[in-house]
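Below is one structure, written out as structure tokens, with a few remarks after it.
Number of protein chains: 2
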Amino acid sequence: MTIKRLPSYFRVLDELTKEDVEIVSSTEMGRRTGFSSEQIRKDLAYFGAFGTRGVGYNVSVLRRRIRSILGLDRTLPVALVGAGNLGRALAHYNRNQQQHMRITHIFDINEEIIDRPVAGIQVQDAREMGRIVADTGIKMAIVAVPREAAQKTVDLLAQSGVKAVLNFAPVRVDAPEEVVVKSVDLTSEMQSLAYYCR
Amino acid sequence: MTIKRLPSYFRVLDELTKEDVEIVSSTEMGRRTGFSSEQIRKDLAYFGAFGTRGVGYNVSVLRRRIRSILGLDRTLPVALVGAGNLGRALAHYNRNQQQHMRITHIFDINEEIIDRPVAGIQVQDAREMGRIVADTGIKMAIVAVPREAAQKTVDLLAQSGVKAVLNFAPVRVDAPEEVVVKSVDLTSEMQSLAYYCR
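Protein chains in written order, with numbering that gives the first Met the number 0: chain A, 0 to 197; chain B, 0 to 197.
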């Protein structure tokens, strides 16, 4: 569960680095992340990062530590499956935002899209996905396919060695125990919010 | 908290309607949503929807009930703030996916984008956003602005009568008590997953 909070800590440490701040207290980290300072001290201690009492944490050391834990000290190649509206959007977004994770492969089944570039990457035939993903050793995938194709896509990715999936298809998908699936259902998020607008 | 699960129930009831299923048990609802049948019965009872013991729920009646609770029985106009890569993507996605929530206004501060169409909607000057949102009575907004502009944007939306915000800016934003903010931080989601790919 701590893992879920580490990206927030990493983001704040990035901000602090840009602001040339060298030392940060758990209180200040709490102010910037919205988590309690106690929670933060506990989380960081869990990963062997201890601050100096009454002083705080060394920003540079702590940032490097979290970066390494998250595996962000090297660039992680990512496969994007589905180059429809949302997929294309995510590809463009990734090109501009992400430094640590890079969409390197895009797959689709639509003949009109295959071989064309999206965000500078040539779309490949989804029927060759299993082989290509296995051969290149890609471990992370973004799934932006229609609901009906989601489970089949995740099954194939899992068989091909993928360990983490960010799923945007609005459906529940199952995966083997060794594969982590995180779902982002934009439609559900908006429907929950609609309740507060009545 | 029940509100968070209602969109899942609604999605399953939509599926069942398309499959011409008239009666559904809480067990089958559980299988399709991933929630326990006990949880589902409790949630639905909370909103006054009771199934027939040993038979189940009437799909059509239950679907209408949840649609009404979520406020999806009328189309909700939505303002999108920020027409960069992510904002444009969300606009195109919304045009193709959403039936109950419709992006009707798009705002940006970039002079090169203002007055141009995005997904069929003319982008308006963000400096006029407060007035326009208040005048039209828009209650929901999607925030896809850079981190630095997010808090200011949410403040202005809240002052203009917006009650629900879906925030994509990778930063914590505060809002008055009467405004619900749900944040989707795609970068953090991917960073959490990176951990499992090391």
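Every residue gets a Cβ at the ideal spot worked out from N, C-alpha and C, and that includes glycine.
Query, Result
"Below-8 Å beta-carbon distance, residue 88 of chain B vs any chain A residue", "yes"
"Residues of the segment 112 to 133 of chain A with Cβ closer than 8 Å to any Cβ of chain B, in chain order", "none"
"Contact with chain B by residue 192 of chain A, beta-carbon distance below 8 Å", "yes"
"C-alpha distance - residue 80 of chain A paired with residue 89 of chain A, whole-angstrom precision", "11 Å"
"Completely contained beta strand (DSSP E) runs for the segment 111 to 197 of chain A, where each covers 3 or more residues", "120 to 124, 139 to 142, 163 to 166, 179 to 182"
"8 Å Cβ cutoff met for residue 82 of chain B and residue 102 of chain B", "no"
"For residue 57 of chain B and residue 50 of chain B, the rounded distance between their alpha carbons", "7 Å"
"Test item: CB-CB of residue 167 of chain A and residue 143 of chain A under 8 Å", "yes"
"Beta-carbon spacing of residue 94 of chain B, residue 9 of chain B below 8 Å", "no"
"Enclosing beta strand (DSSP E) for residue 11 of chain B [first to last residue]", "Unbroken run through residue 11 of chain B is the alpha helix (DSSP H), 1 to 17; no beta strand (DSSP E)."
"Minimum C-alpha distance to residue 151 of chain B - residue among B:44, B:174, B:62", "B:174"
"Opening and closing residue of the beta strand (DSSP E) in which residue 32 of chain B lies", "Note, residue 32 of chain B: premise wrong, no beta strand (DSSP E); alpha helix (DSSP H) at 25 to 32."
"Minimum C-alpha distance to residue 15 of chain A - residue among A:2, A:3, A:30, A:41", "A:30"
"Reference residue 96 of chain B; option with closest CA among A:99, A:96, A:85, A:91", "A:85"
"Selection from B:63, B:76, B:4, B:59 that minimises the alpha carbon distance to residue 35 of chain B", "B:4"
"Residues that residue 160 of chain B contacts on chain C, provided the C-beta gap is smaller than 7 Å", "Any reference to chain C falls outside this structure, whose protein chains are A and B."
"Touch test, the segment 116 to 130 of chain A against the segment 109 to 117 of chain B, Cβ-Cβ under 8 Å, three pairs minimum", "no"
"Contact set between residue 92 of chain A and chain B, taken where Cβ atoms lie within less than 9 Å", "83, 84, 85, 88, 185"
"Continuous beta strand (DSSP E) stretch holding residue 79 of chain A: start and end", "75 to 80"
"Proximity below 8 Å, CB of residue 75 of chain B to CB of residue 139 of chain B", "yes"
"Option in A:91, A:69, A:190 with minimal Cα separation from residue 195 of chain B", "A:69"
"Residues of the segment 153 to 180 of chain A with Cβ closer than 7 Å to any Cβ of chain B, in chain order", "162, 163, 165, 169, 171, 179"
"Proximity winner among A:189, A:169, A:183, relative to residue 13 of chain B (alpha-carbon distances)", "A:169"
"Three-state class that DSSP yields for residue 57 of chain A in the structure shown", "strand"
"Short CB-CB distance (under 8 Å) between residue 150 of chain A and chain B", "no"
"For residue 104 of chain B: DSSP bridge partner residues", "B:78"
"C-alpha gap between residue 55 of chain B and residue 186 of chain A, whole angstroms", "26 Å"
"CA-to-CA distance, residue 180 of chain A to residue 7 of chain B, given in whole angstroms", "17 Å"
"8 Å Cβ cutoff, residue 189 of chain A in contact with chain B", "yes"
"CB contact flag (residue 191 of chain B, residue 2 of chain A, <8 Å)", "yes"
"Whether residue 165 of chain B touches residue 141 of chain B by CB criterion (8 Å)", "yes"
"Contact with chain A by residue 9 of chain B, beta-carbon distance below 8 Å", "yes"
"Residue environment, residue 64 of chain A, which counts as buried when at least 16 other CB atoms sit within 10 Å", "buried"
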